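Below is one structure, written out as structure tokens; the observations come after it.
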Amino acid sequence: MKNINNKISKDTASRLNEEEKVIQESDNSIRTEFNEYRNKMNDKLMAAPNNKVLKRIFGVDTLAYRSGALDSKTKELLGLVASMVLKCDDCIFYHLETCYNLGVTNEEIMETFGIANLVGGTIVIPHTRRAMEFWEALHENNEKN
0 MKNINNKISK DTASRLNEEE KVIQESDNSI RTEFNEYRNK MNDKLMAAPN
50 NKVLKRIFGV DTLAYRSGAL DSKTKELLGL VASMVLKCDD CIFYHLETCY
100 NLGVTNEEIM ETFGIANLVG GTIVIPHTRR AMEFWEALHE NNEKN
């Protein structure tokens with residue numbers, strides 16, 4: 000009976016390890032897929048004819064998040080709240096990655112998620128779930144590298 004229990008324990012541990020690998024690969028693929036798609040489409044938009052307005056909008060967006068009276072980190076957190084309230088997952092992912100790169104802490108992100116849900120209401124909860132998944136993937140990917 001002891002051998003059977005050991006076999007079951009080893010099989011269970013092996014299965015759990017495989018499931019964990021799949022989850023980690025999925026988390027990394029979310030980030031990679033998002034960035035590859037975003038970059039590809041931005042390049043197409045910038046190369047397209049008659050895109051003066053889009054180029055200006057992209058330029059204003061870049062300038063708006065530079066430090067001024069508010070630092071870049073604060074502006075990105077504001078952008079994250081607005082994106083969550085507007086329910087734009089691509090925007091949420093962009094701001095999360097930028098926040099991560101600026102050193103935003105887990106505590107700051109959770110407080111920001113709270114404000115977004117307070118302002119936006121319960122309709123924001125599904126976007127918060129995906130945001131949390133992406134935020135965790137950012138951390139897990141960094142721990143591996």
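Residues in the sequence shown are numbered from 0 upward in steps of one, following numbering that gives the first Met the number 0.
Ideal Cβ placement from N, Cα and C applies to all residues, glycine included.
This one's a predicted model, so the numbers in the text were calculated from it and none came from an experiment.
Would you say glycine 120 faces chain C, with C-beta separation under 9 Å as the test?
The structure shown has no chain C; it contains just one protein chain.
Mark asparagine 141 as exposed unless 16 or more other C-beta atoms lie within 10 angstroms of its C-beta, in which case mark it buried.
exposed
If I'm right that methionine 40 touches lysine 54 with Cβ under 8 Å, what's the distance once you round it to whole angstroms?
With 8 Å as the limit, methionine 40 and lysine 54 do not qualify as a contact, their Cβ atoms being about 14 Å apart.
For phenylalanine 33, which residues of its own chain have a beta-carbon under 6 Å away from its beta-carbon, when the five flanking residues on both sides are left out?
Phe92
According to DSSP, is threonine 31 part of a helix, a strand, or is it coil?
helix
Roughly how many angstroms lie between the CA atoms of histidine 126 and alanine 136, to the nearest whole one?
15 Å
Unbroken stretches of the alpha helix (DSSP H), 4 residues or longer, contained in the stretch 24-90:
51-63, 71-84
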